[in-house]
């Protein structure tokens with residue numbers, strides 16, 4: 011496999027990096043956290059209007075660009091580096107892709123144009139519901155950006171359904187969550203009429219979702235390293251910059267090595283998904299487990315190397331740490347993904 015970006019992918023990367031560098035700031039992210047929505051609304055609208063990013067997974071017939079997993083990873087990595095407070099993962103990557111792959115023409119015409127232009131937000135819920143007499147009942151407490159969603163892609167009994175959040179019997183309650191840039195909500199369905207996605211196998215969505223989370227983690231880990239290097243080159247202790255101490259150099263070198271390994275895993279997974287390769291699922295498990303662990307380690311090291319200021323509310327180091335811990339828990343912890351790798355290889359004995 012050739013792990014290099016095409017000219018078009020380089021153009022996407024450069025455009026998104028330039029756009030987010032100007033559009034996202036610590037202040038805009040904290041404003042999104044403070045209003046309870048967890049959404050930087052000016053950023054979300056600009057992503058839709060100026061770059062058409064919200065239409066990434068939408069077929070051209072419904073107003074999108076229908077780009078692939080590599081482009082999804084590139085954008086997810088850049089958003090992760092800037093801690094973008096937008097429902098990109100839940101709405102654009104996962105829910106919209108599910109409707110594009112498995113929805114009927116009628117469902118696509120009803121939802122995809124609105125999702126592509128960013129005027130509607132969707133999310134997903136993979137557990138906690140069951141089918142009773144053709145209707146959905148149950149609850150789940152970990153629905154990303156459920157507090158602002160117009161639509162839920164909900165799984166129940168190996169089937170997937172579309173549930174508008176204004177449906178009778180659907181109740182959404184905002185949760186107190188660690189990562190306020192990606193808030194979670196409790197979704198309760200009580201005898202709710204829901205439309206099935208007739209052609210969707212949820213297993214087709216999972217590798218892309220895991221890879222997008224891994225890419226977000228990769229971007230966050232790289233940002234932790236970059237910001238820490240800048241700090242240790244300026245911070246003076248005992249008459250010299252703290253970056254000149256061997257112990258600090260070693261820790262930064264360990265972060266760099268882990269990040270480069272995570273980068274290889276992420277783009278191996280994205281390339282396999284786009285190519286329809288036989289290792290797509292294996293690679294995405296590897297990317298999710300390794301990149302999330304790397305992000306958590308790098309965020310922790312960043313706090314330590316920033317000294318006392320890294321622990322304060324005013325510094326952004328804790329925001330990266332919280333996103334890292336959230337990514338670890340979302341759609342399977344690293345240890346679960348490593349167990350799946352062992353089973354796929356197959357190394358079942360290691361899991362018992």
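Residue numbers (our numbering): 11 to 362.
For glycine and all other residues, C-beta sits at the position ideal for the given N, C-alpha and C.
Here the structure is a predicted model, which means the values were calculated and not measured.
- Here DSSP, grouped into helix, strand and coil, assigns residue 166 to strand.
- A residue is called buried when at least 16 other Cβ atoms come within 10 angstroms of its Cβ; residue 316 meets this threshold and is buried.
- Pairing residue 67 with residue 103 gives a Cβ-Cβ distance under 8 Å.
- Beta-bridge annotation (DSSP): residue 246 is paired with 251.
- Nearest to residue 191 by alpha-carbon distance, out of 348, 156 and 140, is 156.
- When DSSP reads this structure, residue 103 sits in no beta bridge, so it has no partner.
- Counting along the chain, residue 201 sits inside the beta strand (DSSP E) bounded by residues 194-203.
- Counting along the chain, no alpha helix (DSSP H) covers residue 148; the unbroken beta strand (DSSP E) around it starts and ends at 145-154.
- A Cβ-Cβ distance of about 5 Å is found for the pair residue 304 and residue 268, placing them in contact under the 8 Å criterion.
- Out of 216, 185, 193 and 177, the CA that lies nearest to the CA of residue 202 is found in 177.
- Annotation: residue 140 is outside any alpha helix (DSSP H); the continuous beta strand (DSSP E) that includes it extends over 132-142.
- Fewer than three beta-carbon pairs drawn from the segment 241-258 and the segment 34-47 are found closer than 8 Å, and the two stretches are therefore not classed as touching.
- Assignment of residue 174 by DSSP, reduced to helix, strand and coil, places it in the strand class.
- For residue 213, no alpha helix (DSSP H) encloses it, and the DSSP letter there is neither H nor E.
- For residue 204, the closest C-alpha among the options 239, 357, 210 and 164 is that of 164.
- Annotation: residue 85 to residue 16 spans about 15 Å, alpha carbon to alpha carbon.
- Beta-bridge annotation (DSSP): residue 184 is paired with 195.
- Within its own chain, the residues whose Cβ lies closer than 7 Å to the Cβ of residue 79, once the five positions on either side in sequence are excluded, are 218, 221, 280, 283 and 284, listed in chain order.
- Annotated three-state conformation of residue 66 is coil, per DSSP.
- Non-local beta-carbon contacts of residue 50 in its own chain, meaning distances under 8 Å to residues more than five positions away in sequence, involve 34, 38, 39, 41, 42, 94, 95 and 96 in chain order.
- Here residue 315 carries a helix assignment [DSSP, helix/strand/coil].
- The residue from 302, 144, 134 and 126 with its alpha-carbon nearest to that of residue 108 is 134.
- Counting along the chain, no alpha helix (DSSP H) covers residue 47, and no H or E run does either.
- Look at residue 344 here: in three-state DSSP terms it is helix.
- Following the DSSP letters along the chain, one finds residue 116 inside the alpha helix (DSSP H) bounded by residues 115-126.
- Taking the Cα positions, residue 186 is about 16 Å away from residue 337.
- Around the Cβ of residue 193, a 10 Å sphere holds 16 or more other Cβ atoms; the residue is buried.
- Within a 10 Å sphere around the beta-carbon of residue 174 sit 16 or more other beta-carbons, which makes this residue buried.
- The continuous stretches of alpha helix (DSSP H) do not include residue 322, and DSSP gives it neither H nor E.
- Counting along the chain, residue 288 sits inside no alpha helix (DSSP H), nor does DSSP assign it H or E at all.
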